[in-house]
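S.K.:
Protein chains: 2
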Amino acid sequence: MTITHPTSILQSIDNSQYPNSMAQNFSWLHRGVVEIFPQPTDSDSESESLEKRLATTDRPLRIKLGIDPTGADIHLGHSIPVRKLRAFQDAGHTAVLIIGDFTARIGDPTGKSDVRRQLTQQEVEANAQTYLDQVRPILDFDTPGRLEVRYNSEWLSKLDLGKTLELLSTMTVGQMLAKEGFAERYKRENPIFLHEFLYPLMQGFDSVAVEADVELGGTDQKFNIAVGRDLQRHFGQKPQFGLLLPLLLGTDGLQKMSKSLGNYVGLREHPSQKYQKLQGIPDHLLKDYFELLTDLPLDKLPENPRDRQKLLAQEIVRQYHGQSAVDNIEAGDLPEFSLSKVEFPAKLSYILNASGLCKSSGEGKRKIQEGGVRLDGDRITDVDTAFQDKSELYGRVLQLGKNKFVRLVP
Amino acid sequence: MTITHPTSILQSIDNSQYPNSMAQNFSWLHRGVVEIFPQPTDSDSESESLEKRLATTDRPLRIKLGIDPTGADIHLGHSIPVRKLRAFQDAGHTAVLIIGDFTARIGDPTGKSDVRRQLTQQEVEANAQTYLDQVRPILDFDTPGRLEVRYNSEWLSKLDLGKTLELLSTMTVGQMLAKEGFAERYKRENPIFLHEFLYPLMQGFDSVAVEADVELGGTDQKFNIAVGRDLQRHFGQKPQFGLLLPLLLGTDGLQKMSKSLGNYVGLREHPSQKYQKLQGIPDHLLKDYFELLTDLPLDKLPENPRDRQKLLAQEIVRQYHGQSAVDNIEAGDLPEFSLSKVEFPAKLSYILNASGLCKSSGEGKRKIQEGGVRLDGDRITDVDTAFQDKSELYGRVLQLGKNKFVRLVP
């Protein structure tokens, strides 16, 4: 028989180091945050700040982050809310990752969008697994009670028409058309299809289903998070707080980090590749990168810009690959292969052989087919992949399996 | 073994007098109709008129009429599309009556409307039964294959979120806001709740579910019937025709016939009451009433207005109650009870006794409680129902059970 002291009830249900009301320093909460809403108002005595909620809660709060499982590779821009999620985990709370498989499996019901094609359950699960592999270095996967991964088809596939009508009845057309994006499209007379109005409500209903206390998202998510608050109120729950994070500028310092613009640092990229890209970040971006992507104190950064760039590269590589990876890079770990030995145009299978990664072009082809070959972290699956000129490959990292890499040089 | 001659295949599957391509006179189709759509266009060689479809079909067409089971008593205005449905039945086609029980059982999801309160399955079924009892004199209930009664919860309660998104994706916000009713409300900034956009799509999906060839409705139903066409096309069906019928003016000749305005003739009213009301129809309404509520040739009506009124009263009473009812009325069938014998204010239970319908006030109360008492066809359920002055009751018909009536006179 266990006797539980009534004041230590939290420890009795959760052996993690839940810090309780001791954690009164909220610098971890505010770092890099654009907005937390709602803010308590003087006029409403019942309103409460997120800080007060965190300080007084008698249970771990549930912190929601929604994930779109349509893509595979993610980059440092995507890591920002995940890092904030980790900060909540470290403060003793529960990260609730929601895989938006329901929408991904439906695709675009108008059939007009190639981008939003319908994924099979298998594809969704593979993407979700890939996502989890990539955020594993960021999140606490191990402490019991700190991470919950949920697929939203669990509740959305059971939503019948009666419940859907109820969700829809909580909002007016005017409220929906006031939403950024819809407002401009309606004004420009670009068609808005009716099902698009359901997506914010579906995301909001996710908050109801997991009983979220806080939802994290980019600044473009404010409307959807507010819809979640309304739905939670409608279903008798305490509405969640919203915590909005900025979008990260890419390595070019000009546009939002994005795979299609090529200005990204992918979480799957070789440590050496990450190091190299981060060492070249324009000076005016460094403060944002340190604030959003590291926990280093911002008032103690090196004065010399080159030292700052180096520190950023070291710190981020360390996060994802450990200090030894940093040491190896700085000791010159990555073998180089000079493309001067190859006659172009050349097939990738031939380069795999020439570089010594494979024993023959035939083995190179097989490895490509098996999905074991990556270029700058991106999987290559077409055995006929070829390059017209060696300059296309300068500086890129060719990878075989998990552990074999060469950097391609002139 | 039965040998079926290939050209008589219809007769082999349906023993009803399906008239096939013989019924080439479509005066029955056009009588009293405001609009049939679509009309064939010269530019589209594939377009077909409803008349051509009727003349060439090799199977009975399916003629849809939706019924709202939230009310109980119906009036002559409601009978207009039902009469047209009968005309289709007589031409060999199948009437598909759709009881809109799904919406009735949900009620108003905003919870703001008292009018659209949620009905139980029992209430819906009782209302539907009452409806069917009232239209029984109009429709052909007996010929096999001529009538199908369906509850739309059969398919709507099974509609999952994926299918609902698909329905919504067939229309744009702009199309929906162009709908009469929505357009003005949006302009006036009166709130339109999102679920209201689903109702036309639900009605449209009813057409898909029953594979309607034609939908009947009032002129206010054009949009909804057109939505049904779009959805049928979306789901690979041939789109239905729409047939629009006018709204009937009430006995006052001023406003739409409506129970709340008191200018109606209820299908449940006593034949004598119907006769009396119809005999007083203003002359300028007579042509519409004859056209919409009878099959009499309009060019052979009596010249004298009083004769026309009488003919209308006779014809409609005959439709619902038979020629003998007309004869009885004209021979003075309805016993009268003079209210001069009653002291006012008076309870209805007392009047039931005084008039001889009940043997005591106590029995009167019991009969009211049991639901067996009607005044002008409306059931009275409050045992304490009382009247301040006898003039409130002049000319009204008090009914006990199915067969006992008195007309209350001064």
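Top line first, the protein sequences correspond to chains G and H. Residue 399 in my numbering sits at position 410 of the first sequence, with consecutive numbering throughout. Residue 325 in my numbering sits at position 336 of the second sequence, with consecutive numbering throughout. In this text, a Cβ means the ideal position worked out from N, Cα and C, and glycines have one as well.
Following the continuous beta strand (DSSP E) through leucine 387 of chain G, name the residue where it begins and the one where it ends.
M.R.: Its beta strand (DSSP E) spans residues 386 to 389.
S.K.: Tell me which residues of the segment 161 to 172 of chain H have at least one Cβ-Cβ distance to chain G shorter than 9 Å, keeping chain order.
M.R.: So the list reads Thr161, Val162, Gly163, Gln164, Met165, Leu166 and Phe171, given in the order they occur along the chain.
S.K.: Measure the CB-CB distance between glutamine 262 of chain G and aspartate 365 of chain G and report whether it falls below 8 Å.
M.R.: It is a contact, given that the beta carbons lie within the stated cut-off.
S.K.: I'd like to check one pair, valine 197 of chain H with arginine 51 of chain H: are the Cβ atoms closer than 8 Å?
M.R.: Against a cut-off of 8 Å, the Cβ pair of valine 197 of chain H and arginine 51 of chain H comes out as no contact.
S.K.: What did DSSP end up calling tyrosine 140 of chain G once you bin it into helix, strand or coil?
M.R.: Strand, per DSSP.
S.K.: Hey, is histidine 184 of chain G's beta-carbon within less than 8 Å of any beta-carbon in chain H?
M.R.: Output row for histidine 184 of chain G: interface = yes.
S.K.: Who are the Cβ neighbours of serine 36 of chain H in its own chain at under 6 Å, not counting the five residues just before and after it?
M.R.: For serine 36 of chain H, where only same-chain residues beyond five positions count, the Cβ hits under 6 Å are Pro29 and Thr30.
S.K.: Mind checking alanine 215 of chain H: buried by the 16 CB within 10 Å criterion, or exposed?
M.R.: Alanine 215 of chain H is buried by the Cβ-count criterion.
S.K.: Using three-state DSSP, classify glutamate 204 of chain H as helix, strand or coil.
M.R.: Three-state result, glutamate 204 of chain H: strand.
S.K.: Can you name the residues of chain H whose CB is closer than 7 Å to the CB of alanine 155 of chain G?
M.R.: Residue 155 of chain G is actually glutamate in this sequence, not alanine. Pro98, listed in chain order.
S.K.: Quick check on glycine 351 of chain H: buried or exposed, where buried means 16 or more other Cβ atoms within 10 Å of its Cβ?
M.R.: The residue in question, glycine 351 of chain H, is exposed, as its Cβ has fewer than 16 Cβ neighbours within 10 Å.
S.K.: Does the segment 365 to 376 of chain G come close enough to the segment 229 to 245 of chain G to have 3 or more Cβ pairs within less than 8 Å?
M.R.: No, because fewer than three Cβ pairs between the segment 365 to 376 of chain G and the segment 229 to 245 of chain G fall closer than 8 Å, the two stretches do not touch.
S.K.: Can you tell me whether DSSP reads lysine 259 of chain H as helix, strand or coil?
M.R.: According to the sequence shown, residue 259 of chain H is histidine rather than lysine. Note: histidine 259 of chain H maps to coil in three-state DSSP.
S.K.: Using a cut-off of 9 Å between C-beta atoms, extract the partners of phenylalanine 180 of chain G located in chain H.
M.R.: The sequence shown places proline at residue 180 of chain G, not phenylalanine. The answer, in chain order, is Thr161, Val162, Gly163 and Gln164.
S.K.: Here's the rule I'm using: 16 or more other beta-carbon atoms within 10 Å means buried, otherwise exposed. How should tyrosine 383 of chain H be labelled?
M.R.: Tyrosine 383 of chain H comes out exposed.
S.K.: Can you confirm whether serine 146 of chain G, when its beta carbon is compared against all beta carbons of chain H, has any partner nearer than 8 Å?
M.R.: Interface residue, yes.
S.K.: So, is the C-beta of tyrosine 175 of chain H closer than 8 Å to a C-beta in chain G?
M.R.: Judged by the 8 Å Cβ criterion, tyrosine 175 of chain H is in contact with chain G.
S.K.: At a Cβ threshold of 8 Å, is serine 158 of chain H touching chain G?
M.R.: Closer than 8 Å to some Cβ of chain G, the Cβ of serine 158 of chain H qualifies, so yes.
S.K.: To the nearest angstrom, how far is the alpha carbon of glutamine 411 of chain H from that of phenylalanine 77 of chain G?
M.R.: Residue 411 of chain H is absent from the model: chain H starts at -10 and stops at 399.
S.K.: Smallest Cα separation from leucine 136 of chain G: which of G/His82, G/Leu145, G/Arg177 and G/Ile95?
M.R.: That would be G/His82, whose Cα lies nearest to the Cα of leucine 136 of chain G.
S.K.: Roughly how many whole angstroms lie between the Cα atoms of leucine 397 of chain H and phenylalanine 333 of chain H?
M.R.: Roughly 14 Å between the two C-alpha positions.
S.K.: Quick check on serine 344 of chain G: does DSSP put it in helix, strand or coil?
M.R.: Looking at serine 344 of chain G - three-state DSSP - the assignment turns out to be coil, as it is neither helix nor strand.
S.K.: Could you tell me which residues DSSP puts in a beta bridge with threonine 83 of chain H?
M.R.: In the DSSP output, where bridge partners are listed per residue, threonine 83 of chain H has H/Arg51.
S.K.: Quick one: does the C-beta of leucine 148 of chain H sit closer than 7 Å to a heavy atom of the ligand NAD?
M.R.: In the structure shown, the ligand NAD is absent, as is every other ligand, since no ligand is present at all.
S.K.: Check whether the segment 172 to 182 of chain H touches the segment 135 to 151 of chain H, taking contact to mean three or more Cβ pairs, one atom from each stretch, closer than 8 Å.
M.R.: The segment 172 to 182 of chain H is not in contact with the segment 135 to 151 of chain H.
S.K.: Can you find a C-beta in chain H that's less than 8 Å from the C-beta of leucine 187 of chain G?
M.R.: Closer than 8 Å: yes.
S.K.: Ordered along the chain, which non-local residues of its own chain (more than five positions away) have a Cβ less than 7 Å from that of valine 23 of chain G?
M.R.: Result list for valine 23 of chain G: Thr208, Leu233, Leu234 and Pro235, in chain order.
S.K.: To which residues does DSSP link glutamate 24 of chain G through a beta bridge?
M.R.: Answer is G/Leu233, bridged to glutamate 24 of chain G.
S.K.: Could you tell me if lysine 73 of chain G is buried or exposed, where buried requires 16 or more neighbouring beta carbons within 10 angstroms of its beta carbon?
M.R.: Counting Cβ neighbours within 10 Å, lysine 73 of chain G comes out buried, since at least 16 surround it.
S.K.: May I ask you to verify whether the segment 261 to 277 of chain H touches the segment 85 to 98 of chain H, counting CB pairs closer than 8 Å and requiring at least 3?
M.R.: Contact fails: fewer than three Cβ-Cβ distances are below 8 Å.
S.K.: DSSP state of glutamate 292 of chain H, grouped into three classes?
M.R.: DSSP places glutamate 292 of chain H in coil when its eight states are reduced to three.
S.K.: For glycine 225 of chain H, count neighbouring C-beta atoms within 10 Å of its own C-beta (all shown protein chains included) and say buried if the count is 16 or more, exposed if not.
M.R.: Glycine 225 of chain H comes out exposed.
S.K.: Counting only Cβ pairs nearer than 9 Å, list the residues of chain B close to leucine 150 of chain G.
M.R.: No chain B is present in this structure, whose protein chains are G and H.
S.K.: Measure the Cβ-Cβ separation of leucine 183 of chain H and methionine 165 of chain G and say whether it is below 8 Å.
M.R.: Yes, Cβ-Cβ distance for leucine 183 of chain H and methionine 165 of chain G is below 8 Å.
S.K.: I'd like the list of long-range same chain contacts for arginine 385 of chain H, defined as Cβ closer than 7 Å, with 5 residues on each side in sequence excluded.
M.R.: So the qualifying residues of the chain are Leu364, Asp365 and Leu397.
S.K.: For alanine 167 of chain H, is the classification buried or exposed, using 16 other Cβ atoms within 10 angstroms of its Cβ as the cut-off for buried?
M.R.: Answer is exposed; the Cβ neighbour count stays below 16.
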